[in-house]
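> I have a structure I would like to understand better, so I am pasting it below and will then ask my questions one at a time.
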Amino acid sequence: MNARAALFDLYGDHLRSRGGRASVAALVRLLAPLDIAPPAVRTAVSRMVRQGWLTPTRLPQGPGYEVTPRCVRRLDETALRIYRVGTITWTGRWHILVVGPVRERPRRERLKADLAFLGYAPLSDTTWIGPRPSPELGALLAGEDIRADRFDAVLDGDPRALVARTWDLDGLGSAYEEWLSRAVDLIGALPGDAADDRVFATRSRLLHGWRNFLFRDPGLPADLLPPGWPGEKARAYFEQEAARLLPAAAAFVDRHLTEP
1 MNARAALFDL YGDHLRSRGG RASVAALVRL LAPLDIAPPA VRTAVSRMVR
51 QGWLTPTRLP QGPGYEVTPR CVRRLDETAL RIYRVGTITW TGRWHILVVG
101 PVRERPRRER LKADLAFLGY APLSDTTWIG PRPSPELGAL LAGEDIRADR
151 FDAVLDGDPR ALVARTWDLD GLGSAYEEWL SRAVDLIGAL PGDAADDRVF
201 ATRSRLLHGW RNFLFRDPGL PADLLPPGWP GEKARAYFEQ EAARLLPAAA
251 AFVDRHLTEP
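Numbering (UniProt numbering), first residue to last: 1 to 260.
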């Protein structure tokens with residue numbers, strides 16, 4: 001787990017509900033159980049400021065950083081998908097995105113990663129498809145200054161065949177099974193009387209591994225997934241253990257946020 005990813009997880013899972021801000025010293029203390037050194041934390045924070053995710057602020061405990069409106073939108077969208085807040089329904093329609101030419105390779109690669117995070121997959125170099133419009137899409141395209149035509153469409157054909165061609169469900173299913181096996185080992189290694197800093201570290205690693213599926217799983221409707229989809233068993237285990245470990249992890253966060 002690198003420092004930048006750990007900071008996103010920390011802000012999204014704990015700090016977002018606590019005002020979205022923390023002192024530099026608190027960030028260093030909170031990431032210490034994950035073996036992330038102070039220089040790495042400060043470097044990652046600086047990078048996130050340059051990218052528009054964090055902004056400097058002055059707190060009673062000293063200099064700190066708070067989330068920007070852009071970061072709030074991303075964290076809220078992420079939380080909806082991590083914890084499946086509310087019921088995700090599918091209307092039977094697909095969201096189609098036809099992107100204008102992007103000549104610079106770094107921008108193309110960044111766009112590709114961001115669209116995948118939002119649940120879209122490429123049908124061609126310029127055409128992307130998703131099971132529903134992402135609320136973050138407009139801000140993403142505007143931020144990258146990319147022109148795109150958007151369509152709401154019904155497939156003339158078998159949606160299961162489309163899904164099988166467009167997303168690697170076999171690979172995704174295997175990834176879920178592998179993650180579940182490792183998660184069981186991770187949780188099993190945590191003693192029942194573990195200190196809250198160790199509980200925080202274990203829960204953070206559990207969350208980080210689960211969060212990686214946001215870049216791979218578009219949140220397809222259940223009726224388009226294979227029977228016995230392993231993602232459901234993996235999700236049930238994640239939600240059970242994340243909730244069980246939350247009180248001790250939250251106590252660790254609260255203690256270190258208020259220290260000078």
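Just so you know, even glycine gets a beta-carbon here, dropped at the ideal spot from N, CA and C.
Helix, strand or coil, according to DSSP, for S23 in the structure here?
It is a strand residue.
> Taking 8 Å as the threshold (C-beta atoms), are G231 and D217 in contact?
Cβ distance < 8 Å, so D217 and G231 count as in contact.
> Nearest-angstrom Cα distance between F151 and W167?
Going from the Cα of F151 to the Cα of W167 covers about 20 Å.
> Check whether the segment 18-35 touches the segment 58-65, taking contact to mean three or more Cβ pairs, one atom from each stretch, closer than 8 Å.
Yes, since at least three Cβ pairs between the segment 18-35 and the segment 58-65 fall closer than 8 Å, the two stretches touch.
> Based on the DSSP output, what are the partners of F151 in its beta bridges?
Answer is I96, bridged to F151.
> With a threshold of 8 Å, are at least 3 pairs of Cβ atoms found where one atom belongs to the segment 205-217 and the other to the segment 37-54?
No contact exists between the segment 205-217 and the segment 37-54.
> Run through the DSSP bridge pairs and tell me what residue 262 is partnered with.
Not covered by the structure: residue 262. The range shown for the chain is 1 to 260.
> According to DSSP, is A189 helix, strand or coil?
Reduced to three states, the DSSP call for A189 is coil.
> Who are the Cβ neighbours of A234 in its own chain at under 7 Å, not counting the five residues just before and after it?
Contacts found: Y176, W179 and L180.
> For D197, does the count of other Cβ atoms within 10 angstroms reach 16, so buried, or fall short, so exposed?
It counts as buried.
> Identify whether I129 lies in helix, strand or coil by the three-state DSSP scheme.
Residue state, collapsed to three classes: strand.
> Compute the Euclidean distance between the alpha carbons of L220 and P131, then round it to the nearest angstrom.
Whole-angstrom Cα-Cα distance: 6 Å.
> Can you tell me whether DSSP reads P122 as helix, strand or coil?
Here P122 sits in strand by DSSP.
> With distance defined between alpha-carbon atoms, name the residue in L34, N2, R73 and P38 nearest to G12.
When only C-alpha atoms are compared, the closest one is R73.
> Does the beta-carbon distance from I96 to T127 come in below 8 Å?
Yes, they are a contact pair.
> At which residues does the alpha helix (DSSP H) containing V45 begin and terminate?
P38 to R50 is the extent of the alpha helix (DSSP H) around V45.
> So, A79 versus A44, is the Cβ gap smaller than 8 Å?
No, the pair does not count as a contact, with Cβ atoms beyond the cut-off.
> Can you list, in chain order, the residues of its chain with a C-beta nearer than 6 Å to that of L31? Leave out the 5 residues immediately preceding and following it.
Cβ within range, chain order: A6 and V41.
> Would you say residue 271 and D9 are within 8 Å of each other, going by their C-beta atoms?
Nothing can be reported for residue 271: it is not among the residues displayed for the chain, which extend from 1 to 260.
> For T202, count the other beta carbons within 10 Å of its own beta carbon; 16 or more makes it buried, fewer makes it exposed. Which is it?
By the neighbour-count rule (16 or more Cβ atoms within 10 Å), T202 is buried.
> Helix, strand or coil for N2 per DSSP?
Residue state, collapsed to three classes: coil.
> With H, G and I counted as helix, E and B as strand and the rest as coil, what does DSSP make of R16?
R16 falls in the helix class under three-state DSSP.
> Would V184 pass as a contact of D149 if the rule is Cβ separation under 8 Å?
No, the Cβ-Cβ distance between V184 and D149 is not below 8 Å.
> Look up P230 in the DSSP assignment and say whether it is helix, strand or coil.
Correct three-state label for P230: helix.
> With distances taken between CB atoms, is the gap from F252 to L206 smaller than 8 Å?
Their beta carbons are not under 8 Å apart, which means F252 does not touch L206 by this criterion.
> By DSSP, does A194 sit in helix, in strand, or in coil?
Coil.
> DSSP on W167, reduced to helix/strand/coil?
If DSSP states are grouped into helix, strand and coil, W167 belongs with coil.
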